[in-house]
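**Q** Quick one: the structure is below, and I'll ask about it shortly.
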Amino acid sequence: MELLDEREVRANLQKQVTEDFPYPLAVIKANLPGTDKRSLISAVAVCEGYFQLKNKGVRHMFMSYSCEGLIFYLSIDRDIRELKKICVDIETSHPLGRLMDIDVMDTRGQISRRELNLSPRKCFLCDEDAHLCVRNQTHTPDDIDRYILSVFRKYLVADDLATRWQRLFFTALIGELIKPRGYGCVTMSDDGSHTDMDAMLFIESANTISHLMCKAYAYPDDFQKLRDIGRIAEQKMFETTGNINTHKGAIFLMLLVMAGLQRENPVAHIARLCQNILADFDKAQSSHGMTLYYKYGITGIRGLAKEGFRELFEIYYPFYLKHSCDETFLKIICENPDTTLMHRGGIPLYNECREKAKSITNQQDRFAFDAWMKSQRLSPGGSADMLSALILMDCFMWIKEEIEDEPTDKNRHRRYLRIE
Ligand SMILES: [Zn+2]
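Laid out in structure tokens, this is it:
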């Protein structure tokens, strides 16, 4: 649907929700220009808005995803004026607040900033009323893009290292979720081959684990400590999701990648940390990886870790810098020994899947492959974890290069302003 149709659908929906529930409704969406607002930056901003409001007395909620981007609808048990003040405060003081638009309404309609004696929102770039600059097209799209990227970069840099890593992890996990096609994995727009999970569960899980994983930033040389923090994150993930495995593989992979990124030679460093990791297979534990090891001798993600995730740093990352997220994801599906995929489909179906992925040449093939994966109930979860790690690496390099005052290709990060 086009943006204008989407707006109309939303207006009707909002009206319905305020009639159905006896509370004011807060609607959190991206405050960004353009006719397709789906992007990593808009999704992270809207999620941050949601987590700011989540504990303020939410009685009913749902989310939607369309060309308007991600939107949260929260019925909140508070006085409407008080709620509007809280929302204005988030828009004003959160590091991504400028990129959020939080409307508050009840059956009588929206409450405005003016009704609280507050001035309307200013333009991103000058002192004018935002609506005037939009109407008069005062600023070039380039200037606006640059502003949005600078706001997002500041958010990632943060004031302290734990917060920085929490935001990097969260951004990487949301980035994985907004990939245009899931090929069986959950995305913002569909549940892929899954019946027990959806985007909301992944967003909640990403929030929980990112706040725990970031505590590991200070131990890049201590494998045991990384593993202990990983286990706590995993346990809290299962508590958050009601025992569904949303991010177990991502936790393991991203903690090691974080440790590697903090050292001169990430591959050598991770390989050193993981030199004894295959000894895990001797212990009596059960996981998809373990089962496959016993059955076929496949070492899966542990085998990759032992080699320092060489493919990730030396093949997938350079590829990702030159290609879209979708193309990169397909390349990983073709090449990565994905134990999630092997486990769900068995080895023959796994091989068929990789052959199909390799033969893709155009957009139509991609849609067909996406449909086939869903029909076979396959889900390349291990490859999706790799994609999160690439976004983590890319965002880390973005802030690191600029902190070290090296010239960064500014255009490189424009990919985070759209879906590709
Ligand atoms: Zn302006």
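In this text, residue positions in the sequence shown follow numbering that gives the first Met the number 0: the first is 0, and each later residue adds one. Note that CB positions come from ideal geometry on N, CA and C, so glycine has one too.
Less than 8 Å separating the beta-carbons of K28 and I70?
**A** As a first step, residue 28 is located in the sequence shown; it is residue number 29 there, counting from the start. As a first step, residue 70 is located in the sequence shown; it is residue number 71 there, counting from the start. For K28 and I70, yes; Cβs fall inside 8 Å.
**Q** Whole angstroms is fine: what's the gap from K235's alpha carbon to N206's?
**A** Position 236 of the sequence shown, counted from the first residue, corresponds to residue 235. Position 207 of the sequence shown, counted from the first residue, corresponds to residue 206. Going by the C-alpha atoms only, they are around 11 Å apart.
**Q** Helix or strand or just coil, what does DSSP make of S74?
**A** Counted from its first residue, the sequence shown places residue 74 at position 75. The answer is strand: DSSP assigns S74 an E or B state.
**Q** E67: which of P347, G345, M0, M104 sits nearest, CA to CA?
**A** In the sequence shown, counting from the first residue as 1, residue 67 sits at position 68. For the residues P347, G345, M0, M104, the minimum Cα distance to E67 belongs to M0.
**Q** Does the Cβ-Cβ distance between I390 and E175 come in under 8 Å?
**A** Position 391 of the sequence shown, counting from 1, holds the residue named residue 390. Position 176 of the sequence shown, counting from 1, holds the residue named residue 175. In this structure, E175 lies closer than 8 Å to I390 by Cβ.
**Q** Checking the sheet assignment: what are the DSSP bridge partners for K121?
**A** In the sequence shown, residue 121 corresponds to position 122, counting from 1. Answer by DSSP bridge pairing, in chain order: D128.
**Q** In whole angstroms, give me the CA-to-CA distance for R163 and S149.
**A** Walking along the sequence shown from the start, residue 163 turns up at place 164. Walking along the sequence shown from the start, residue 149 turns up at place 150. If you take the alpha carbons of R163 and S149, they lie about 15 Å apart.
**Q** Helix, strand or coil: which one does DSSP assign to G307?
**A** Locating residue 307 in the sequence shown gives position 308, counting from the first residue. G307 falls in the coil class under three-state DSSP.
**Q** Is the separation between the beta-carbon of L31 and that of L98 shorter than 8 Å?
**A** Position 32 of the sequence shown, counted from the start, is the residue given in the question as residue 31. Position 99 of the sequence shown, counted from the start, is the residue given in the question as residue 98. Cβ atoms of L31 and L98: closer than 8 Å.
**Q** Can you tell me whether L124 sits near ligand 1, meaning its C-beta is under 7 Å from at least one heavy atom of the ligand?
**A** As a position in the sequence shown, residue 124 is number 125, starting the count at 1. Yes, since a heavy atom of ligand 1 falls inside the 7 Å radius drawn around the Cβ of L124.
**Q** Would the stretch 121–130 count as touching the stretch 40–56 if we require 3 or more Cβ pairs under 8 Å?
**A** Verdict: no, contact absent.
**Q** Relative to ligand 1, is the shortest distance from any of its heavy atoms to the C-beta of C132 smaller than 7 Å?
**A** Counted from its first residue, the sequence shown places residue 132 at position 133. Yes, the beta carbon of C132 sits closer than 7 Å to at least one heavy atom of ligand 1.
**Q** Helix, strand or coil for G56, going by three-state DSSP, please let me know.
**A** Residue 56 sits at position 57 when you count from the first residue of the sequence shown. In the structure shown, G56 sits in coil (DSSP, three-state: anything other than H, G, I, E or B).
**Q** Answer with buried or exposed for R77, where buried requires no fewer than 16 other C-beta atoms within 10 angstroms of its C-beta.
**A** Taking the sequence shown and counting its residues from 1, the one referred to as residue 77 is at position 78. Buried.
**Q** Does the distance between the C-beta of T186 and the nearest non-hydrogen atom of ligand 1 fall short of 7 Å?
**A** Within the sequence shown, numbered from 1, the residue matching residue 186 stands at position 187. The answer is no for T186.
**Q** How many angstroms separate the CA atom of R6 from the CA atom of T91?
**A** Along the sequence shown, read from residue 1 onward, the residue named residue 6 stands at position 7. Along the sequence shown, read from residue 1 onward, the residue named residue 91 stands at position 92. Distance between the alpha carbons of R6 and T91: 24 Å.
**Q** Can we count T139 as close to ligand 1, meaning its CB is less than 7 Å from some heavy atom?
**A** Residue 139 sits at position 140 when you count from the first residue of the sequence shown. T139 Cβ: outside cutoff for every heavy atom of ligand 1.
**Q** Less than 8 Å between the C-beta atoms of L377 and G183, yes or no?
**A** Looking up residue 377 in the sequence shown gives position 378. Looking up residue 183 in the sequence shown gives position 184. For L377 and G183, yes; Cβs fall inside 8 Å.
**Q** Relative to the C-alpha of D227, which residue among L155, L73, L254 is closest?
**A** Here residue 227 refers to the residue found at position 228 when the sequence shown is read from its first residue. Checked all of L155, L73, L254; the closest Cα to D227 is L254.
**Q** So for A25, helix, strand or coil by DSSP?
**A** Numbered from 1 along the sequence shown, position 26 holds the residue referred to as residue 25. It is a strand residue.
**Q** Once you ignore the five residues that flank M187 on each side, which residues in its own chain have a CB closer than 6 Å to its CB?
**A** By one-based count along the sequence shown, residue 187 stands at place 188. Counting only Cβ-Cβ distances below 6 Å, and skipping sequence neighbours, we find Y64, L176, I177, A198.
**Q** Per the DSSP calculation, Y64 is bridged to which residue(s)?
**A** If you number the sequence shown from 1, residue 64 lands on position 65. Answer by DSSP bridge pairing, in chain order: L69.
**Q** Relative to ligand 1, is the shortest distance from any of its heavy atoms to the C-beta of E114 smaller than 7 Å?
**A** The residue labelled residue 114 in the question sits at position 115 within the sequence shown. Result no, Cβ not under 7 Å from ligand 1.
**Q** In three-state DSSP terms, what is I359?
**A** By one-based count along the sequence shown, residue 359 stands at place 360. Three-state result, I359: coil.
**Q** Does the stretch 216–224 come close enough to the stretch 347–356 that 3 or more CB-CB pairs lie under 8 Å?
**A** Contact fails: fewer than three Cβ-Cβ distances are below 8 Å.
**Q** Mark D337 as exposed unless 16 or more other C-beta atoms lie within 10 angstroms of its C-beta, in which case mark it buried.
**A** As a position in the sequence shown, residue 337 is number 338, starting the count at 1. Counting Cβ neighbours within 10 Å, D337 comes out buried, since at least 16 surround it.
**Q** How many Å lie between I332 and W371 at the Cα?
**A** Taking the first residue of the sequence shown as position 1, residue 332 is located at position 333. Taking the first residue of the sequence shown as position 1, residue 371 is located at position 372. Each residue's alpha carbon lies about 14 Å from the other.
**Q** Among D88, E419, R262, M396, which has the Cα closest to the Cα of V156?
**A** Residue numbering aside, residue 156 sits at position 157 when the sequence shown is read from its first letter. Residue M396 is the option with its Cα nearest to V156.
**Q** Assuming T339 and P379 form a contact by the criterion Cβ under 8 Å, report the distance between their Cβ atoms to the nearest whole angstrom.
**A** Mapped onto the sequence shown, residue 339 falls at position 340. Mapped onto the sequence shown, residue 379 falls at position 380. T339 to P379, Cβ: 7 Å. Contact.
**Q** What residue from P140, R166, I110 has the CA that sits closest to M257's CA?
**A** In the sequence shown, the residue the question calls residue 257 occupies position 258. Among P140, R166, I110, the Cα nearest to that of M257 is on R166.
**Q** Examine ligand 1 and report whether any of its heavy atoms sits within less than 7 Å of the Cβ of E127.
**A** In the sequence shown, the residue the question calls residue 127 occupies position 128. Because some heavy atom of ligand 1 lies under 7 Å away, the Cβ of E127 counts as near it: yes.
**Q** Expressed to the nearest angstrom, what Euclidean distance is found between the alpha-carbon atoms of H193 and S382?
**A** In the sequence shown, counting from the first residue as 1, residue 193 sits at position 194. In the sequence shown, counting from the first residue as 1, residue 382 sits at position 383. So the alpha carbons of these two residues sit roughly 16 Å apart.
**Q** With a 10 Å radius around its C-beta and 16 neighbouring C-beta atoms as the bar for buried, classify D384 as buried or exposed.
**A** Here residue 384 refers to the residue found at position 385 of the sequence shown. So D384 ends up on the buried side.
**Q** Considering only the beta carbon of each residue, do A161 and K214 sit closer than 8 Å?
**A** One-based indexing of the sequence shown puts residue 161 at position 162. One-based indexing of the sequence shown puts residue 214 at position 215. Against a cut-off of 8 Å, the Cβ pair of K214 and A161 comes out as a contact.
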